[in-house]
Amino acid sequence: MKKLLLLFLVSAFLVVTALSAEITFWKFTDTYADATIQRFVDLWNEENPDKKVVFETFPWGDYTGTKLTTAFATGEGPDVFFISPGDFLRYVNTGIALPLSKYLTEDIIADFLPETIEAVTVGGEIYALPLEMEPVALFYNKAAFEEKGISQPQDWAELKEAAAKLKTADRYGIIVEVAPGYYQNFTWYPFLWTAGGDVVDENWEKSTFESEGAIAALDLWGSFVKEGLAPSSLPAGANDIGMFGNGLADMIVCGFWGVKQLQTQFPEFDFGVFPIPPYEKGGESISVYGGWKMMLNAKGKNTDIAAEFARWLVAEQIDFPLDWCTVTNSKFSPRYSVLEAGDEFYNTPPNDVFLEILKTSKSEPTFTPEMVKAVSDAIQAVMFAGMDPKAAAKGASAAINAYLSRYTGGVPGK
């Protein structure tokens, strides 16, 4: 009887131990790319039989909506999860994000481009692992440009002129994101920066949004819609470059990920890429690179195992990042070693254009949701409410200053 009881207790202990070594990994659903992650999750599980990663995906609208916030609010959040720059501070400031510095060696950190680590650092602590970089550019239909005799626009005036020439009764000249939110702001920032504007000062002490650069960028995007050069509504988000491939317009503001998508979905489509034109001829073209990051749950039951898995997947080996960035997708890795291993891919047209764009690109700002909304409201007001760009910039700046006066959270890179 005692032996049976002992065996039962040992078995129960082993079951509990096995269950305690399980971690969950969440991201949004991507039918094309998720198989790559699952393949490496399976590899990890095979090589670590005493540990288990359960990979789960959720529809884009749910994941980027309330899925994560609701899960964490009820204590059911994942151990490892994909996070966008726009949501980064939300989880850092609320104590959900696990500090990662103690899990990363000096050699691991040194393999990342400094600016990518800076973007996930708050108060000297690293709170996420950068996974990818996706600079924004303008994609164009080569045949349409040739037919209309259009050369690569060298400033905003020429960009608008090109959009006007390309517009027909059943086709727009350009696609820009028209829905409010993180993505619209993300693709609008290059125009703000190229015109010499910004949202806040370096230390987040005051808004710098009430500027000629912001006014010009608001006016440009507003004019695209008001003059009928761009659609005022879209069948999908402007991050879906399939609309461009299907002929909705002959130009689109989109990121590096669009290259692989076009090559896969529209293999016969002859497209080209050029940088965001400067505000005036001779000015500097400045783009933005986004990219999802891996964050860990500080309140998870197996934080050490979660950190071990995330470090292995993203920061230690080359196989997954190289596959993820150059085979499954078209993205830049934030790691020197992976960029070197993918040198041939990155120097192949049109990827080489993005390689040049990356050199003058900035990381997507990790503003708080309140700051994002202030900028978004200004863009929307000019696009759809007929507000004067100067008034919109002034209103957004006032809203940001009011928010900063009571903000007590962290500042990225500080």
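The sequence shown begins at 3 in the working numbering and counts up by one. Note that CB positions come from ideal geometry on N, CA and C, so glycine has one too.
Within 9 Å, strictly: CB atoms of residue i and residue j
| i | j | result |
| --- | --- | --- |
| residue 34 | residue 138 | no |
| residue 165 | residue 174 | yes |
| residue 281 | residue 114 | no |
| residue 277 | residue 160 | no |
| residue 83 | residue 42 | no |
| residue 259 | residue 349 | no |
| residue 383 | residue 402 | no |
| residue 122 | residue 90 | yes |
| residue 93 | residue 99 | yes |
| residue 289 | residue 363 | yes |
| residue 240 | residue 219 | no |
| residue 406 | residue 127 | no |
| residue 156 | residue 283 | yes |
| residue 205 | residue 340 | no |
| residue 232 | residue 176 | yes |
| residue 195 | residue 381 | no |
| residue 395 | residue 102 | no |
| residue 228 | residue 388 | yes |
| residue 335 | residue 352 | no |
| residue 162 | residue 225 | yes |
| residue 287 | residue 391 | no |
Closest residue to residue i among the options (Cα-Cα distance)
| i | options | result |
| --- | --- | --- |
| residue 96 | 103, 124, 319 | 124 |
| residue 255 | 329, 268, 178 | 178 |
| residue 30 | 43, 45, 40, 63 | 63 |
| residue 285 | 215, 261, 394 | 215 |
| residue 217 | 393, 404, 406, 28 | 393 |
| residue 300 | 199, 53, 81 | 81 |
| residue 333 | 318, 404, 357, 310 | 357 |
| residue 67 | 409, 85, 104, 317 | 85 |
| residue 230 | 211, 250, 155 | 250 |
| residue 185 | 247, 87, 228 | 87 |
| residue 61 | 55, 127, 32 | 32 |
| residue 211 | 128, 201, 370, 205 | 201 |
| residue 112 | 374, 318, 53, 372 | 318 |
| residue 148 | 252, 157, 246, 102 | 252 |
| residue 397 | 373, 116, 416, 193 | 373 |
| residue 36 | 267, 59, 410, 271 | 59 |
| residue 23 | 116, 55, 224, 38 | 55 |
| residue 117 | 314, 387, 367 | 367 |
| residue 190 | 390, 257, 314 | 257 |
| residue 295 | 129, 52, 45, 38 | 129 |
| residue 385 | 170, 298, 234 | 234 |
| residue 304 | 38, 52, 39, 40 | 52 |
| residue 49 | 310, 355, 400, 347 | 310 |
Residue range of the unbroken beta strand (DSSP E) whose run includes residue i
| i | result |
| --- | --- |
| residue 296 | 295-298 |
| residue 25 | 24-30 |
| residue 59 | 54-60 |
| residue 292 | 289-292 |
Endpoints, the alpha helix (DSSP H) within which residue i is located
| i | result |
| --- | --- |
| residue 224 | 214-228 |
| residue 48 | 36-49 |
| residue 94 | 87-95 |
| residue 244 | 244-247 |
| residue 205 | From DSSP, residue 205 is part of no alpha helix (DSSP H); its letter is neither H nor E. |
| residue 1 | Outside the modelled stretch of the chain, which goes from 3 to 416, sits residue 1, for which no answer is possible. |
| residue 70 | 70-75 |
| residue 109 | 108-112 |
| residue 211 | That residue, residue 211, is in no alpha helix (DSSP H); it is neither H nor E in DSSP. |
| residue 309 | 305-312 |
| residue 117 | 116-120 |
Assumed close pair residue i, residue j - CB separation to whole angstroms, cut-off 8 Å
| i | j | result |
| --- | --- | --- |
| residue 328 | residue 344 | 5 Å |
| residue 167 | residue 273 | 17 Å between Cβ atoms; not a contact. |
| residue 25 | residue 308 | 5 Å |
| residue 293 | residue 133 | 6 Å |
| residue 261 | residue 140 | Residue 261 to residue 140, Cβ: 13 Å. No contact. |
| residue 247 | residue 271 | 6 Å |
| residue 70 | residue 77 | So it is not a contact: roughly 13 Å between Cβ atoms. |
| residue 415 | residue 370 | Contact flag wrong, Cβ pair sits at about 14 Å. |
| residue 378 | residue 187 | 6 Å |
| residue 135 | residue 315 | Residue 135 to residue 315, Cβ: 17 Å. No contact. |
| residue 325 | residue 38 | 6 Å |
Cβ-heavy atom distance, residue i to the ligand GDP, below 8 Å
| i | result |
| --- | --- |
| residue 302 | What this structure holds is no ligand at all, so the ligand GDP is not there to describe. |
* Could you tell me which uninterrupted beta strand (DSSP E) segments, each at least 3 residues in length, are contained entirely in the region 253-280, listed from first to last along the chain? => List check, beta strand (DSSP E) in window: 253-257, 273-276.
* What are the start and end residues of each continuous alpha helix (DSSP H) run of 4 or more residues lying completely inside the region 326-412, in chain order? -> Along the region 326-412, the alpha helix (DSSP H) occurs as fully enclosed runs of 4 or more residues at 338-343, 345-348, 353-360, 371-386, 391-406, listed in sequence order.
* To do: Quick one: which unbroken alpha helix (DSSP H) runs of 4-plus residues sit fully inside the region 136-188? Chain order, please.
  => For the region 136-188, whole alpha helix (DSSP H) runs of length 4 or above, ordered along the chain, are 144-150, 158-168.
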